[in-house]
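Asker: I'd like to ask some things about the structure below.
2 protein chains.
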Amino acid sequence: MSAPRYDVLGIGNAIVDVLARAEDDFLAQQQMHKGGMALIDEARAEQIYDAMGPAVEISGGSAANTIVGVAGFGARAAFIGKVKDDQLGRAFIHDIRAAGVSFETPPAFDGPSTARCYVLVTPDGERTMNTYLGAAQDLHPADVDADAVAAAKITYLEGYLWDPPHAKEAFRKAATIAHDAGRQVALTLSDAFCVGRYRAEFLDLIRTGTVDLVFANETELKSLYEASDFDAAVTALRADAKLAVVTRSEKGCVVVTKQGVEAVPAMPISKVVDATGAGDLFAAGFMFGLAQGRDHRTAARLGVMAAAEVIGHIGARPEVSLKALAQQSGLLS
Amino acid sequence: MSAPRYDVLGIGNAIVDVLARAEDDFLAQQQMHKGGMALIDEARAEQIYDAMGPAVEISGGSAANTIVGVAGFGARAAFIGKVKDDQLGRAFIHDIRAAGVSFETPPAFDGPSTARCYVLVTPDGERTMNTYLGAAQDLHPADVDADAVAAAKITYLEGYLWDPPHAKEAFRKAATIAHDAGRQVALTLSDAFCVGRYRAEFLDLIRTGTVDLVFANETELKSLYEASDFDAAVTALRADAKLAVVTRSEKGCVVVTKQGVEAVPAMPISKVVDATGAGDLFAAGFMFGLAQGRDHRTAARLGVMAAAEVIGHIGARPEVSLKALAQQSGLLS
Numbered sequence: 024m025s026a027p028r029y030d031v032l033g034i035g036n037a038i039v040d041v042l043a044r045a046e047d048d049f050l051a052q053q054q055m056h057k058g059g060m061a062l063i064d065e066a067r068a069e070q071i072y073d074a075m076g077p078a079v080e081i082s083g084g085s086a087a088n089t090i091v092g093v094a095g096f097g098a099r100a101a102f103i104g105k106v107k108d109d110q111l112g113r114a115f116i117h118d119i120r121a122a123g124v125s126f127e128t129p130p131a132f133d134g135p136s137t138a139r140c141y142v143l144v145t146p147d148g149e150r151t152m153n154t155y156l157g158a159a160q161d162l163h164p165a166d167v168d169a170d171a172v173a174a175a176k177i178t179y180l181e182g183y184l185w186d187p188p189h190a191k192e193a194f195r196k197a198a199t200i201a202h203d204a205g206r207q208v209a210l211t212l213s214d215a216f217c218v219g220r221y222r223a224e225f226l227d228l229i230r231t232g233t234v235d236l237v238f239a240n241e242t243e244l245k246s247l248y249e250a251s252d253f254d255a256a257v258t259a260l261r262a263d264a265k266l267a268v269v270t271r272s273e274k275g276c277v278v279v280t281k282q283g284v285e286a287v288p289a290m291p292i293s294k295v296v297d298a299t300g301a302g303d304l305f306a307a308g309f310m311f312g313l314a315q316g317r318d319h320r321t322a323a324r325l326g327v328m329a330a331a332e333v334i335g336h337i338g339a340r341p342e343v344s345l346k347a348l349a350q351q352s353g354l355l356s
Numbered sequence: 024m025s026a027p028r029y030d031v032l033g034i035g036n037a038i039v040d041v042l043a044r045a046e047d048d049f050l051a052q053q054q055m056h057k058g059g060m061a062l063i064d065e066a067r068a069e070q071i072y073d074a075m076g077p078a079v080e081i082s083g084g085s086a087a088n089t090i091v092g093v094a095g096f097g098a099r100a101a102f103i104g105k106v107k108d109d110q111l112g113r114a115f116i117h118d119i120r121a122a123g124v125s126f127e128t129p130p131a132f133d134g135p136s137t138a139r140c141y142v143l144v145t146p147d148g149e150r151t152m153n154t155y156l157g158a159a160q161d162l163h164p165a166d167v168d169a170d171a172v173a174a175a176k177i178t179y180l181e182g183y184l185w186d187p188p189h190a191k192e193a194f195r196k197a198a199t200i201a202h203d204a205g206r207q208v209a210l211t212l213s214d215a216f217c218v219g220r221y222r223a224e225f226l227d228l229i230r231t232g233t234v235d236l237v238f239a240n241e242t243e244l245k246s247l248y249e250a251s252d253f254d255a256a257v258t259a260l261r262a263d264a265k266l267a268v269v270t271r272s273e274k275g276c277v278v279v280t281k282q283g284v285e286a287v288p289a290m291p292i293s294k295v296v297d298a299t300g301a302g303d304l305f306a307a308g309f310m311f312g313l314a315q316g317r318d319h320r321t322a323a324r325l326g327v328m329a330a331a332e333v334i335g336h337i338g339a340r341p342e343v344s345l346k347a348l349a350q351q352s353g354l355l356s
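Taken in order, these protein sequences are the chains called A and B.
Under the numbering used here, the first residue of the first sequence is numbered 24, with each subsequent residue one higher.
Under the numbering used here, the first residue of the second sequence is numbered 24, with each subsequent residue one higher.
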């Protein structure tokens, strides 16, 4: 096993968020499921955009946000994802590279435009997402840079990769390369509806050890095991997974291992401005901690710290240096 | 004179802001003049973009921000400006219409892309701007909708219109139509360097009564009269202008008329997050007040209120209802 070039490499849908404030009434009129992520086609995308308020465009994508967070801790990070060579695609590439992330996936020069997620942020800070996958549909196994994956301590994959037609093949290819190189593979379950679409396959990935580390929030976990009881779902997860972390919003998170279940509290937050990216940034902090050889509790504390930063402002990417924040909190020297 | 359809109609460069945080060192390395606006070509735009940090895209443009502010007070507002039919141009059109502004200028289908302003926000909240005019270069007199201008109580024009080759002809056409219809014409001096480029022409517009109302900040006013003394510059302005307002950051503003000079204090602001748009939103509040038949002092208080809102967050357009804010402050019933 050669020396790693990256702490974490992420593979995910490369998406630009189109973020607007909205009232709960708007979600109801538009028949949107609050807090969820719906896949939409181009016609629906236009219809939503015409109806929604003034917006800002910010690079997003769940795994991409996570990888930007990893880089924000000062770690070595890389991302693989598909944009089109259009204005929004160029913005995505600029933003992720400017955050210090290595990004070399060639853009598409024809076909659908760069993926967009219409994010409606309600006054309570909750975000409701509508994703037009566009060019992200065309992520293929050929886009997976084998050398980069083999050189990353952790390869991080999002459950959302099950939506585009060929991305799950890319996922499986990456997992095989990583394990052959003696590296770790992590998966986020992404979204309770995503779990609903691919439950059997996600359970298979966990049970067969295709993934070594699982991130889920409480509703995703309950969806995975079709359980209404949190503790029962955690017990089931403990039997299936090598290592998992379940985030629980203001209740913090639990780290689940064969040895036991350890709870880590959330950080106090004065106001939830925009919950977009909270789970993504938790994963960033946790994996950064692992890659640095820190214990699970410290890794989880780095996760809740990063989540707290991103909840406090509009947008799913950190506005300040996570490294400096962690140093101020005494989590990094 | 028929009943007005609009309280304020604005004509300006239609620009999307590409906003990033930057340290003062970055401005120095890039030889940028802090707090100023530089016109850049496409090559320089690419060079700046490559060097700058992760960004967000938000619709901007000085006069466009003002007009969005006018609509935010619940008034009837319209805007004329030129974008290309590309992703950023479509975002500009969406955002201004979603803010409640009437916008009917046809986009360009070929030629340069939609105008972008690379805005670097330093830790003190100051913004340093670099504008690639792109499609905004192609605003022509034919784009001025004569019926709309004749139906607006106030037509608001930005000094920046002197930069594109044909926009000043559009400006003059609009001013003539407005006056022929018995309406008012307002001008913002835009920027001290813009004043430096077009001093004689701006003075001529003011002295000939082509504009009835002038907005300037302190440095723009000093540049206009090449004066180092503020009071001397105000005295000169009082001799030349029918009505003018000079904004002075934390010192508030002065309303200048033939009758005298009246100072109105600024609103206390806990933290300047991003000064982008402060002057634009001041003009929005002032013109909204005038259009409502309010006295100058009340109009100025509406202006400082709107400026304070936009200074408190990233981006140059209000995040909350200015109408509701004004009602809370007792400035509107």
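Just so you know, even glycine gets a beta-carbon here, dropped at the ideal spot from N, CA and C.
Predicted, not measured: the structure shown is a model, and the values here were computed from it.
Report yes if the CB atom of A101 of chain B is closer than 8 Å to the CB atom of A171 of chain B, and no otherwise.
Answerer: A contact, by the Cβ cut-off of 8 Å.
Asker: Output, in chain order, the set of chain B residues within a Cβ distance shorter than 8 Å of L111 of chain A.
Answerer: Under the 8 Å cutoff, chain B gives Q110.
Asker: Could you say which of B:A114, B:S213, B:A45 and B:F126 lies nearest to A301 of chain B if we only look at CA atoms?
Answerer: Cα-wise, what sits closest to A301 of chain B is B:S213.
Asker: Establish whether the CB of V218 of chain B and some CB of chain A are separated by less than 8 Å.
Answerer: It does not: the Cβ of V218 of chain B has no partner Cβ on chain A nearer than 8 Å.
Asker: So within the segment 46-102 of chain B, which uninterrupted beta strand (DSSP E) runs reach at least 3 residues, ignoring any that extend past its ends?
Answerer: For the segment 46-102 of chain B, whole beta strand (DSSP E) runs of length 3 or above, ordered along the chain, are 60-62 and 79-82.
Asker: Does G76 of chain B have its Cβ less than 8 Å from a Cβ in chain A?
Answerer: Yes, G76 of chain B lies at the interface with chain A (some Cβ there is under 8 Å from its Cβ).
Asker: Beta-carbon separation of A255 of chain A and L244 of chain A under 8 Å?
Answerer: No, Cβ-Cβ distance for A255 of chain A and L244 of chain A is not below 8 Å.
Asker: Does the count of Cβ pairs from the segment 189-199 of chain A and the segment 53-62 of chain A closer than 8 Å reach three?
Answerer: The answer is no - the segment 53-62 of chain A does not touch the segment 189-199 of chain A, with fewer than three Cβ pairs under 8 Å.
Asker: So is T178 of chain A buried or exposed if we call it buried at 16+ other beta carbons inside 10 Å?
Answerer: So T178 of chain A ends up on the buried side.
Asker: Exposed or buried, which one is H56 of chain A when buried takes at least 16 other CB atoms within 10 Å?
Answerer: When all chains shown are included, H56 of chain A counts as exposed.
Asker: Counting only the same chain and skipping the five closest in sequence on each side, list residues whose C-beta sits under 6 Å from that of Q233 of chain A.
Answerer: Looking at the sequence itself, residue 233 of chain A is Thr, so the reference to Gln does not match. A198, listed in sequence order.
Asker: Is the number of C-beta pairs between the segment 69-85 of chain B and the segment 78-94 of chain A that are closer than 8 Å three or more?
Answerer: Taking 8 Å as the limit for Cβ pairs, the verdict is that the segment 78-94 of chain A does touch the segment 69-85 of chain B.
Asker: Classify E127 of chain B: buried if its beta carbon has 16 or more other beta carbons within 10 angstroms, exposed otherwise.
Answerer: Answer is exposed; the Cβ neighbour count stays below 16.
Asker: According to DSSP, is E127 of chain B part of a helix, a strand, or is it coil?
Answerer: Of the three classes helix, strand and coil, the one that applies to E127 of chain B here is coil, per DSSP.
Asker: In chain A, what lies closer than 8 Å to H117 of chain B by C-beta?
Answerer: The answer, in chain order, is Y72, D73, P77 and A78.
Asker: Round the Cβ separation of F305 of chain B and C276 of chain B to the nearest angstrom and send it over; I've been treating them as touching at under 8 Å.
Answerer: Going by Cβ atoms, the distance from F305 of chain B to C276 of chain B rounds to 7 Å, so yes, they are a contact pair.
Asker: Assuming A26 of chain A is part of the alpha helix (DSSP H), what are its boundary residues?
Answerer: No alpha helix (DSSP H) holds A26 of chain A; DSSP gives it neither H nor E.
Asker: Expressed to the nearest angstrom, what Euclidean distance is found between the alpha-carbon atoms of L180 of chain B and V39 of chain A?
Answerer: Using only the alpha carbons, I get a separation of about 33 Å.
Asker: Evaluate A286 of chain A with the Cβ neighbour count: other Cβ atoms within 10 Å of its Cβ, from every protein chain shown; 16 or more gives buried, anything less gives exposed.
Answerer: It is exposed - the Cβ of A286 of chain A has fewer than 16 other Cβ atoms within 10 Å.
Asker: Please confirm whether I63 of chain A has its beta-carbon closer than 8 Å to some beta-carbon of chain B.
Answerer: No, I63 of chain A lies away from the interface with chain B (no Cβ there is under 8 Å from its Cβ).
Asker: I'd like the list of long-range same chain contacts for V327 of chain B, defined as Cβ closer than 8 Å, with 5 residues on each side in sequence excluded.
Answerer: If we look at V327 of chain B and ignore the five residues flanking it on each side, its Cβ neighbours are G275, C276, V287, P288, A289, M290, F305 and G308.
Asker: So L236 of chain A is in the beta strand (DSSP E); what residue range does that whole segment cover?
Answerer: It spans L236 to N240 - the beta strand (DSSP E) in which L236 of chain A sits, taken as one unbroken run.
Asker: For I81 of chain A, would you say it is in contact with chain B, using Cβ-to-Cβ distances shorter than 8 Å as the test?
Answerer: Taking Cβ atoms only, chain B reaches closer than 8 Å to I81 of chain A, which makes this a yes.
Asker: Say whether the segment 314-329 of chain A touches the segment 137-145 of chain B, bearing in mind that this needs 3 or more beta-carbon pairs closer than 8 Å, one atom from each stretch.
Answerer: With a cut-off of 8 Å, the segment 137-145 of chain B and the segment 314-329 of chain A do not count as touching, because too few Cβ pairs lie within range.
Asker: CB-CB under 6 Å to A330 of chain B, same chain, minus the five flanking residues each way: which ones, in chain order?
Answerer: Counting only Cβ-Cβ distances below 6 Å, and skipping sequence neighbours, we find A301, L304 and F305.
Asker: Kindly indicate the opening and closing residues of the beta strand (DSSP E) around K176 of chain B.
Answerer: Looking at the DSSP string, the run of the beta strand (DSSP E) that includes K176 of chain B is A175 to E181.
Asker: Under three-state DSSP, which class holds E285 of chain A?
Answerer: DSSP places E285 of chain A in strand when its eight states are reduced to three.
Asker: What in chain B is Cβ-close to A122 of chain A, meaning under 8 Å?
Answerer: Ordered by position in chain B, the residues that pass the 8 Å Cβ test against A122 of chain A are G76 and P77.
Asker: Taking beta-carbon pairs under 8 Å, can you tell me which members of the segment 260-275 of chain A lie near chain B?
Answerer: Within the segment 260-275 of chain A, no residue has a Cβ that lies closer than 8 Å to any Cβ of chain B.
Asker: Just checking: is the beta-carbon of R340 of chain B within a distance shorter than 8 Å of some beta-carbon in chain A?
Answerer: Closer than 8 Å: yes.
Asker: If you measure from the beta carbon of A347 of chain B to each beta carbon in chain A, is any gap under 8 Å?
Answerer: Not an interface residue.
Asker: At 3 residues or longer, what runs of the beta strand (DSSP E) sit wholly inside the segment 112-159 of chain A?
Answerer: Counting only runs of 3 or more, we get 138-144 and 150-155.
Asker: What runs of the beta strand (DSSP E), each 3 residues or longer, lie entirely inside the segment 261-349 of chain B?
Answerer: Within the segment 261-349 of chain B, the complete beta strand (DSSP E) runs of at least 3 residues are 266-270, 276-280 and 284-287.
Asker: Starting from A43 of chain B, follow its DSSP beta bridges and name the residues at the other end.
Answerer: Paired residue(s): B:L143.
Asker: If you drop the 5 nearest sequence neighbours on each side, which residues of the same chain put their C-beta closer than 6 Å to that of K346 of chain B?
Answerer: If we look at K346 of chain B and ignore the five residues flanking it on each side, its Cβ neighbours are F96 and G97.
Asker: Roughly how many angstroms lie between the CA atoms of V167 of chain B and A131 of chain B, to the nearest whole one?
Answerer: Cα-Cα distance, rounded: 15 Å.
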